[in-house]
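Asks: The letter at position 211 of the sequence shown is residue 211 when you use UniProt numbering, and the numbering goes up by one with no holes.
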Amino acid sequence: MRIETSDKPAILNPRRQLIAGTIGHSVEFFDFLAYSYLAVYFATSFFPSSESSGLVPLLSAFGVFAVGFLARPLAGLFIGLFADRYGRRRALSLTISLMAGGSLLVAVCPTYSQIGVAAPIILTVARILQGLSAGGEYTTAGAFIVESAPDGRRGFYSSFMFVASGMGKLACLAFITAFVALIGEDAMRDYGWRIPFAVGALAAVVAWYIRRGTQETLGTTVSDDGAAPVSRNPLNALQRYPRQSLIVFAIATGMGVGQYFWATYLTTYFQIQNGASATTAMTVGIITLILYTIAQPVAGLISDRYGRKPCMYVFGIGTIIVTPFLLSITSSNFAVLLCIQLVGLLLLSFCTSITSAVMVENFPPHVRVSGLGFPYSLSVAIFGGTVPLVATALANSGYSQYFPWYIVATAVVTLVGAISVPETFRSDISGEES
1 MRIETSDKPA ILNPRRQLIA GTIGHSVEFF DFLAYSYLAV YFATSFFPSS
51 ESSGLVPLLS AFGVFAVGFL ARPLAGLFIG LFADRYGRRR ALSLTISLMA
101 GGSLLVAVCP TYSQIGVAAP IILTVARILQ GLSAGGEYTT AGAFIVESAP
151 DGRRGFYSSF MFVASGMGKL ACLAFITAFV ALIGEDAMRD YGWRIPFAVG
201 ALAAVVAWYI RRGTQETLGT TVSDDGAAPV SRNPLNALQR YPRQSLIVFA
251 IATGMGVGQY FWATYLTTYF QIQNGASATT AMTVGIITLI LYTIAQPVAG
301 LISDRYGRKP CMYVFGIGTI IVTPFLLSIT SSNFAVLLCI QLVGLLLLSF
351 CTSITSAVMV ENFPPHVRVS GLGFPYSLSV AIFGGTVPLV ATALANSGYS
401 QYFPWYIVAT AVVTLVGAIS VPETFRSDIS GEES
């Protein structure tokens with residue numbers, strides 16, 4: 001078998017790489033998070049109502065939302081291995097294709113009244129496809145963008161992973177808010193909820209085309225079949241780098257819960273707990289997400305100058321201190337809700353902006369995506385993906401006052417990870433050992 005050796009490629013146009021990675025990741029987030037924002041409209045179309053509680057259909061819908069996250073660890077493991085063997089570009093083409101298929105399936109899925117129990121089953125299959133996509137997307141795209149970064153700018157480039165997700169969320173929220181205003185709440189519950197999923201599927205096809213023009217960032221020893229000499233054992237990276245894997249899991253715990261609460265579920269939480277209207281909650285979400293997105297590069301630049309660990313300390317300690325107070329406020333006033341979400345998101349930005357950089361800097365190239373993919377995706381699946389389910393279940397049972405302490409506990413886990421991780425902002429990530 002012929003073997004050719006090639007060093008890590010010189011990135012000819014880092015900015016183009018960044019733009020392509022950002023656009024693709026934005027579309028992924030639009031598609032994946034549309035489910036969370038639209039659940040209040042389509043829940044009763046797939047799950048029968050209960051006389052005892054009107055929250056049962058919503059609870060069931062968020063149960064399917066969580067199923068999508070349960071598929072993520074499997075994807076993190078095997079798509080990560082694929083990315084380490086065959087390159088980041090091929091893996092990113094695979095993830096965007098899976099997301100397009102899942103979104104299209106939700107858009108055309110018949111309701112419970114039309115085909116009975118098959119409807120929630122099809123919905124679950126669609127979420128599994130989206131979960132497989134998301135499980136491989138974040139870590140692969142993160143490695144792709146950070147590996148494309150010039151020296152001394154990895155934190156800044158890393159921050160664009162959440163600029164991308166912020167853009168996806170903003171586009172999703174803005175589209176849904178405008179569409180609800182255009183056709184009304186009744187029409188939205190009847191058929192309108194399908195349109196954002198169809199739009200997302202189409203956008204994913206466009207993103208797939210854009211990603212085809214990017215440059216591969218993985219320097220490999222290449223064989224005839226185009227594969228790098230990476231172990232076929234999907235657990236190889238976990239076995240070789242157990243400490244790094246545990247640190248990734250810990251950092252992702254509080255970050256994942258924070259991301260899916262402060263930046264996603266809080267829109268629904270304000271409606272259930274604070275009695276805010278859907279329009280008010282979504283408008284607050286749009287404004288704060290704009291500021292959150294702007295904050296990402298700022299925090300990334302701070303980490304490039306002062307290090308990754310101080311930024312993670314700001315997130316961990318700040319979240320532990322302010323969360324119980326912020327979520328004890330029950331006002332539905334627009335300005336109050338704006339302040340609550342903004343404080344939570346600004347603290348979160350100090351962690352989300354650099355998570356990709358921290359994870360990439362702790363693994364060598366040919367086990368990088370598989371090494372961080374599984375622990376990150378497992379943590380997000382267990383903690384981040386279950387945020388809507390946990391919050392809604394506690395509210396349905398009358399124990400919503402305990403939910404803030406769940407957020408605090410996960411922030412403590414991330415703080416422990418931040419204390420344990422070595423400072424890597426000046427490290428060399430091109431070699432085989434990290």
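Each residue gets a CB set at the ideal place from its N, CA and C atoms; glycine is no exception.
#1: Measure the alpha-carbon distance for S97 versus L337 and round it to whole angstroms.
#2: For F156, count the other beta carbons within 10 Å of its own beta carbon; 16 or more makes it buried, fewer makes it exposed. Which is it?
#3: Starting from S303, follow the alpha helix (DSSP H) in both directions and report where the run begins and ends.
#4: Give me the Cα-Cα distance between F29 and K169, rounded to the nearest whole angstrom.
#5: Rounding to the nearest angstrom, what Cα-Cα distance links T214 and R368 in this structure?
#6: Closer than 8 Å is the cut-off here; do at least three beta carbon pairs connect the stretch 308-320 with the stretch 269-286?
#7: I'd like to check one pair, A299 with V380: are the Cβ atoms closer than 7 Å?
#8: Taking the C-alpha atoms as reference points, what is the distance between V360 and A141?
#9: Would you kindly check if the distance between the Cβ of I354 and the Cβ of S148 is under 7 Å?
#10: Which of the three DSSP states, helix, strand or coil, is assigned to C172?
#11: By alpha-carbon positions, which one of Q259, I302, S93, P422 ends up nearest to S133?
#12: Would you say the stretch 193-213 touches the stretch 103-123, given that touching needs at least three Cβ pairs under 8 Å?
#13: According to DSSP, simplified to helix, strand and coil, what is residue 506?
#14: Determine the contact status of A91 and G135, defining contact as a CB-CB distance below 7 Å.
#15: Within the same chain, show all residues whose beta-carbon is closer than 6 Å to that of F403, passing over the 5 residues directly before and after it, in chain order.
#16: Are the CB atoms of A237 and S370 within a distance shorter than 7 Å?
#17: Can you tell me which of T22, L38, R16, V67 puts its alpha carbon nearest to the alpha carbon of T264?
#18: Closest to M161 by CA distance: which of S397, L378, Y292 is it?
#19: Should R85 be labelled buried (16 or more other beta-carbon atoms within 10 Å of its own) or exposed?
Replies: Checking against the coordinates, here is how it stands:
#1: 37 Å
#2: buried
#3: 278-306
#4: 6 Å
#5: 19 Å
#6: no
#7: no
#8: 11 Å
#9: no
#10: helix
#11: S93
#12: yes
#13: This structure cannot settle anything about residue 506, because the visible part of the chain is limited to 1 through 434.
#14: no
#15: A391, L394
#16: yes
#17: L38
#18: Y292
#19: buried
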